[in-house]
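Each remark here refers to the structure printed beneath this line.
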Amino acid sequence: KNIYDEFVNECVGRLQKVQVGYQRDDASQMGPVVNAKQRQRVLSYLEKGQAEGAECVLEGGAADVPGYQGNYVKPALLAGTLDNVAAREEIFGPVAFLAPFESEEQAIEMTNSTDYGLANSVWTSDLSRAARVAEAMCAGNSWINAHNVFAHGIPYGGINKSGMGGGVLSVETLFDYWRSLSVVRPL
4 KNIYDEFVNE CVGRLQKVQV GYQRDDASQM GPVVNAKQRQ RVLSYLEKGQ
54 AEGAECVLEG GAADVPGYQG NYVKPALLAG TLDNVAAREE IFGPVAFLAP
104 FESEEQAIEM TNSTDYGLAN SVWTSDLSRA ARVAEAMCAG NSWINAHNVF
154 AHGIPYGGIN KSGMGGGVLS VETLFDYWRS LSVVRPL
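Add 3 to the 1-based position in the sequence shown for my numbering, that's all there is to it.
Structure follows, in structure tokens:
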């Protein structure tokens with residue numbers, strides 16, 4: 004909580020620099036969401052979140068990319084308490100929600116209180132703390148001082164109501180399709 008305002012300001016500064024654009028343009032850092040229905044869903048979460056009392060720290064919203072049609076959305080940043088729909092549900096769009104916390108234990112409790120568990124990231128200069136917190140948070144994926152970094156062979160999937168509960172980039176994915184059977188016959 005003692006660095007919350009500084010952290011919010013840093014997030015705003017970084018998100019304002021994100022280049023939304025055509026996904027094959029080298030200058031683009033973020034392409035469109037998957038379709039018009041998803042774009043509308045993302046925009047509706049921004050509205051619902053604010054209607055439930057979230058502070059809109061960075062507006063976000065629909066984005067136009069000159070020369071291209073697409074379902075582009077600018078990054079948005081909401082802040083408040085975790086009883087907000089924008090904090091408790093998976094939006095699958097460029098919307099971040101920030102909430103202050105007093106202690107490591109409270110941060111873990113807040114994270115684990117949601118019904119979802121796709122991914123999280125832990126940001127700190129204390130790597131021992133980061134490892135401890137990442138392990139305690141219920142999610143299929145945890146990053147330390149990074150977010151959305153993927154490598155082949157590392158399982159990717161969520162827990163609770165997130166995803167299918169398995170990794171789609173690893174051999175573990177195949178376990179969903181396998182059926183183990185032992186047949187024993189007397190000789």
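Where a beta carbon is used, it is the ideal one built from N, C-alpha and C, also for glycine.
Quantities reported herein were computed from a predicted structural model and do not represent experimental measurements.
- Note: Glu58 is bridge-paired with Ala82 in the DSSP secondary-structure output.
- Contact check for Asn163 and Asp118: beta-carbon distance about 6 Å, within the 8 Å limit, so the pair qualifies.
- Looking at Gly63, Gly24, Ala133, Val45, the one whose alpha-carbon comes closest to that of Glu92 is Val45.
- Cβ contact annotation for Ala142 (same chain, cutoff 6 Å, sequence separation greater than five): Gly120, Ala122, Asn123, in chain order.
- A Cβ-Cβ separation of about 27 Å leaves Tyr48 out of contact with Ile6 under the 8 Å criterion.
- Here Ser131 carries a helix assignment [DSSP, helix/strand/coil].
- Following the DSSP letters along the chain, one finds Val15 in no beta strand (DSSP E) but inside the alpha helix (DSSP H) bounded by residues 7-19.
- In the DSSP annotation of this structure, the continuous segment of the beta strand (DSSP E) that includes Ala122 starts and ends at 122-125.
- At a cut-off of 4 residues, the continuous stretches assigned as alpha helix (DSSP H) that sit fully inside the stretch 24-56 are 39-54.
- Secondary structure of Ala90 (DSSP, three-state): helix.
- Apart from the 5 residues on each side of it in sequence, Lys51 sits with its Cβ closer than 6 Å to the Cβ of Val88 in its chain, given in chain order.
- Between Ile147 and Glu107, the alpha-carbon positions lie close to 15 Å from each other.
- For Asn144, the uninterrupted beta strand (DSSP E) segment begins and ends at 144-147.
- Annotated as proximal: Ser116 and Leu85, with beta-carbon spacing under 8 Å.
- In this structure, Pro35 lies away from Gly63, with their beta-carbon atoms at least 8 Å apart.
- Just so you know, the alpha carbons of Lys77 and Val136 end up roughly 30 Å apart.
- Counting every other CB atom within 10 Å of its CB across the protein chains shown gives Val60 a total of 16 or more, marking it as buried.
- Membership of Ala110 in the alpha helix (DSSP H) is indicated by the continuous run 107-115.
- The DSSP-derived three-state label of Val76 is strand.
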